[in-house]
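Participant: Residue numbers (this note's numbering): 3 to 570.
We put the beta carbon where it would ideally sit given N, CA and C, even for glycine.
None of these values were measured; they are calculated from a predicted model.
#1: Could you tell me which residues DSSP puts in a beta bridge with residue 66?
#2: For residue 483, collect the residues of the same chain with a Cβ closer than 8 Å to its Cβ; drop the 5 residues on either side in sequence, then sort them by chain order.
#3: Find the nearest neighbour of residue 534 within the set 368, 552 and 502, judged by alpha-carbon distance.
#4: Taking only runs that begin and end inside the segment 382-409, name each unbroken beta strand (DSSP E) of 3 or more residues, in chain order.
#5: Start and end of the beta strand (DSSP E) containing residue 536?
#6: If we call anything under 7 Å between Cβ atoms a contact, is residue 398 one with residue 536?
#7: Label residue 487 either buried or exposed according to how many other C-beta atoms from any shown protein chain fall within 10 Å of its C-beta, with 16 as the threshold for buried.
#8: Are the beta-carbon atoms of residue 431 and residue 440 separated by less than 7 Å?
#9: What does the alpha-carbon distance come out to for the pair residue 157 and residue 207?
#10: Tell me which residue opens and which closes the alpha helix (DSSP H) that residue 118 is part of.
#11: Tell me whether residue 550 sits in a helix, a strand or coil according to DSSP, three-state version.
#12: Can you look up residue 49 in the DSSP assignment and give me helix, strand or coil?
#13: Could you give the C-beta distance for residue 288 and residue 203, rounded to a whole number, given that I count them as a contact under 8 Å?
#14: Per DSSP, which one or two residues make a beta bridge with residue 427?
#15: Reducing DSSP to helix, strand and coil, say where residue 567 ends up.
#16: Where does the unbroken beta strand (DSSP E) through residue 61 begin, and where does it stop?
#17: Can you tell which of 559, 24 and 42 has its C-alpha closest to the C-alpha of residue 538?
#18: Could you pull out every residue in the same chain whose Cβ sits closer than 7 Å to the Cβ of residue 54, ignoring the five residues on either side in sequence?
#19: Determine the direct distance from the alpha carbon of residue 294 to that of residue 200, and round the result to whole angstroms.
#20: Give the straight-line distance between the Cα atoms of residue 265 and residue 167, rounded to the nearest whole angstrom.
#21: Determine the direct distance from the alpha carbon of residue 257 to that of residue 149, and round the result to whole angstroms.
#22: Mind reading off the beta-carbon distance from residue 38 to residue 48? Whole number of angstroms is fine, and I expect it under 8 Å.
#23: Have a look at residue 214 and residue 237 and give me their C-alpha separation to the nearest angstrom.
#24: Taking C-beta to C-beta, are residue 101 and residue 135 nearer than 7 Å?
#25: Do residue 109 and residue 80 come within 7 Å of each other at the CB atom, strictly closer than that value?
#26: Entirely within the segment 459-531 and at least 4 residues each: give me those alpha helix (DSSP H) ranges in chain order.
#27: Compare the beta carbon distance of residue 377 and residue 83 with 7 Å and say whether it is the shorter of the two.
#28: Would you check if the distance between the CB atom of residue 521 and the CB atom of residue 540 is smaller than 7 Å?
#29: Quick one: what's residue 175 bridged to in DSSP?
#30: In chain order, what residues of the same chain lie with their CB nearer than 8 Å to the CB of residue 429, ignoring the 5 residues before and after it?
#31: Alpha carbon to alpha carbon, how far is residue 468 from residue 514? Give it in angstroms, no decimals.
#32: If you run the structure through DSSP and keep just helix, strand and coil, what is residue 301?
#33: Hey, residue 93 and residue 525: beta-carbon distance below 7 Å or not?
#34: Ordered along the chain, which non-local residues of its own chain (more than five positions away) have a Cβ less than 6 Å from that of residue 561?
#35: With burial defined as no fewer than 16 other Cβ atoms inside 10 Å of the residue's Cβ, what is the status of residue 466: buried or exposed?
#36: Go ahead and pull the three-state DSSP assignment for residue 545.
Below, the structure written as structure tokens:
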């Protein structure tokens, strides 16, 4: 790129807006950077800002020439929406919303100063930034779990090719090593499921498609939907989608290799340097496959790969000449006009007087700083403290149910993962001997990111297979009714009925998404985000219908007692 002379007179404007952005989003960006540093699923985010900076630097001249009149109203509409998202995300303890609001804020500023067309030209940097934002845990778990299941199933098929006897229970693979008497359980966790390499691979696919594309076509498009006719656009889409099967296949191969080595060498094959090195080999193999797909697409599907007749070549040459002439005549201006434009346009396009005639940088900075003060004030208000009894005071008698033994406690590692403020897990028994398990996990605040762990994510990861999902109505002895989730879960010889729901702030709901929306709403209007997840399990036994009725009865009994422990 060419670097024109700096105009220091106007440099204060971009610095002012940047300072206002930093004031507004410091907390969000610091937490995002910490997640990139500590969360291996999104460690690629550490490189994304540098890649974006390089793309902008590389295309600076083209972007400057493509800038048009500012879209003030659209830009400020996006900025206002970003502020509202930041406020809602702050009060509702939703980090994803706050982070997306930052991307939307940048988009609004771009549109406000350089027009909507500039946003399309910067689509790749914006998408890269979005790919570096960790998705909400409830969505992440729904992606990770199927990948864990696919990887474990494919690993079983691979082990059978090597005649390794193995049994799969959910995402847990059991292997009896040669000459051993103790079974080794291989758990296909997130690191082995492909979810970590998937996030990185999708990002690499977009970067690869961008830098191996035709540069002239990225900035020569005039119409709004011209990109749909661009081969490089569809190549990027195919590359990003191909990252999914590539991640699954390579990680399934890793699990297969681990299983084969475990069969021959025992548990030590799952630990130490060899296991860690296999993770890096997965990345290398996945990247190699991604490069292979890219080369194949460019050679086989690219329009240039098709053999042209002499006549078509001449026609294509004539069309390119006409196209070049059109662009040249469109850009041709009198020499005096070019000289005046050179004098007026500084090296920093942000400060161009022609593009600021309807927009004021100080006004935007004032809006951002005012919004930051307002949002920080809301956040610093804190949450309303509600009085509640500890779960240890829950009665040992719930209707006809009697507690059996002491309350069950998790180990320290599990408690850390759960992140609950208070929890209880007990076994209750009926006079006839029917046994049921009750778990209630309470969170005093979800603003810090701690939230419920859905059985849909936790149980399959422990080897349980969940079937026959349905919603059932629970009616408590006091007449209160609510809807809960019901599943049949199996793990080897065990088969149980599972009922669970979410409760807090006077609401009981079966949907975790509805509960999340309610949490945001109550956090804004009631300054509360506390709540609990309630789970009841009992063995199916001889009758699934009877087991369901029994579990529903315990659920109804505890529902009437919960308001003392989960405040309304």
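Facilitator: Reading off the structure:
#1: Answer is none; residue 66 lacks a bridge partner.
#2: 475, 476 and 477
#3: 502
#4: 403-406
#5: 533-541
#6: no
#7: buried
#8: no
#9: 25 Å
#10: 118-123
#11: helix
#12: coil
#13: 6 Å
#14: 441
#15: coil
#16: First-last for residue 61: undefined, no H or E at that position.
#17: 559
#18: 127, 130 and 131
#19: 17 Å
#20: 8 Å
#21: 13 Å
#22: 5 Å
#23: 10 Å
#24: yes
#25: yes
#26: 514-527
#27: no
#28: no
#29: 170 and 188
#30: 405, 406, 407, 410, 437, 438, 439 and 440
#31: 17 Å
#32: helix
#33: yes
#34: 478
#35: buried
#36: coil
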